[in-house]
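See structure below.
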Amino acid sequence: MSVKCMALGTHRQQQRTRVEPQALTLLQPNAASTIVYGLQNHIDCSIRIPLNFDVSMGAFLSRCLGGRKKKVHDSEVGQVDAQPPSVAPPQPNPEPKTIYIAVMGATGSGKTTFVNAASGSELRVGMGLESCTNEVQTSQPFMLDENRIILIDTPGFDDTTKSDTDVLKMIAAYLRTMHEQKKILSGVIYMHRISDIKVGGTTRRDFTMFQELCGKEAYRNVLLVTNMWGSVDDEIAMAREKELSEKEIFFKPILDSGAILLRHMNDQASAHAIIRNLTSKVSVVLRIQSELEVANDITQTSAFAQLNRELMEQAERNRQELDKLRSELEEAAQAQDEETREELQEEADKMEAELSRVQNEATKLASEYQAELRRIEEQLRARAA
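Below you can see the structure in the form of structure tokens.
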């Protein structure tokens, strides 16, 4: 190689050495060391420039960087060709789960008071054993933890203003409509007064109807709630609670099938604690809802069969009482005791009217159920709108 070529090679080598800091300056004045190392490796190892080839600074850098524009984002120093960080769009909060819970029990057991305490609603409450729940009514929705709760207040089967057939008709129509609208119950709360000295025939009848409405398959979603604990001595109340839970004629069969016995202490915290026992439960379809879905005929339900048995028993008692009154009427007529005869006749007339009513209850229920079903459907549609 000639001296001239050697000199030219030396000049090129010096020019190459000077390029590297210039290239870094063009890229980014404050570039990190990783960039320096990467660029130098790229220049030294990837590009071989003929010593006799005259290349401009711009062409040299273009070849070194592969002809591409390199970007180094301020947020990621040292990352070449990084894309701007993507920001996920804000996700809307999911709708809370709506939980429906039916509240049942005898008249005066504290159903409406419980519903009001839990939800902050102002449903009208009856005084003593007088009923103010003339139809199925719902609480205002309220939030409990992350759930939206709606309580369904129902009249008792010993209602002071409606017959048992009317009550069954209303409850059955409401539950059927809920089921059709895919509003599935998470459970049922049955209220019972711990202040009751004994469980009378009326309360037993109401509890029997409750069992027929729910069905054994739904007992795992049932809460048996005693209340009015402050109105009786604690020892007496606990003894009654023990009797309720251990006797076959009371709560034991339901408890053995998965129901839970709880106490309500008459405040919102207690009501909410009770409801939490149902918020994580798998939704349940009650027996009467399943039966009405299959046959849409209330006379084909277990609840109707139970009520009809009770009506027939009542009718038989009325007949026996009426026969007795008629015998007494004959005796009064023979004795010419007009005052006694008039009193007995008035009582006999009332008994005949009651017997006729009882005998017609089953037929009336079958004919009026469909009308009640349409009324409830319209009512729920109006509320939804």
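Count the sequence shown with the UniProt record's numbering and you get residues 1 to 385, in order.
Ideal Cβ positions, reconstructed from N, Cα and C, are used throughout, including at glycine.
Continuous alpha helix (DSSP H) stretch holding residue i: start and end
i, result
"G201", "G201 to C214"
"A237", "D234 to E246"
"V358", "E338 to A384"
"Q306", "S302 to Q334"
"P253", "K252 to D256"
"residue 387", "As displayed, the chain neither begins before 1 nor continues past 385, which places residue 387 out of reach and without an answer."
Nearest neighbour of residue i, chosen from the options [CA to CA]
i, options, result
"R263", "G200, D166, N227 and Q300", "N227"
"M191", "T160, H272 and G108", "G108"
"I288", "K247, Y174 and D206", "Y174"
"P155", "N147, M143, T165 and N134", "N134"
"Q320", "F304, T340, L355 and A303", "L355"
"I171", "F142, S186, M209 and V199", "M209"
"Q379", "D158, F142, T138 and C214", "T138"
"I254", "A273, I189, K350 and S290", "I189"
Three-way DSSP call (helix, strand, coil) for residue i in this model
i, result
"F157", "coil"
"M228", "coil"
"T107", "coil"
"N147", "strand"
"L223", "strand"
"E169", "Note that residue 169 is Lys in the sequence shown, not Glu. In this structure, K169 counts as helix in the three-state DSSP scheme."
"Q268", "helix"
"I197", "coil"
Terminal residues of the beta strand (DSSP E) in which residue i lies
i, result
"L286", "L286 -> no beta strand (DSSP E), and no H or E assigned at all."
"F142", "F142 to L144"
"H192", "L185 to R193"
"I260", "I260 to R263"
CB-CB length for residue i against residue j, believed under 8 Å
i, j, result
"V103", "N116", "Incorrect: roughly 11 Å between the Cβ atoms, too far for contact."
"L261", "S280", "Incorrect: roughly 19 Å between the Cβ atoms, too far for contact."
"L223", "L185", "Incorrect: roughly 12 Å between the Cβ atoms, too far for contact."
"E212", "A303", "4 Å"
Whole-angstrom distance between residue j and residue i, CA atom to CA atom
i, j, result
"L365", "A371", "10 Å"
"I275", "S327", "56 Å"
"A335", "L168", "47 Å"
"G206", "I298", "Reading the sequence as shown, one finds Asp at residue 206 and not Gly. In a straight line, the C-alpha of D206 is about 18 Å away from that of I298."
"S270", "F114", "10 Å"
"R148", "I99", "6 Å"
"E338", "E293", "58 Å"
"G201", "I249", "11 Å"
"P89", "L144", "29 Å"
"P96", "A239", "41 Å"
"T165", "G258", "29 Å"
"V285", "N318", "37 Å"
"Y219", "E346", "47 Å"
"D256", "I101", "21 Å"
"K183", "N221", "16 Å"
"N360", "D323", "20 Å"
"T177", "E330", "53 Å"
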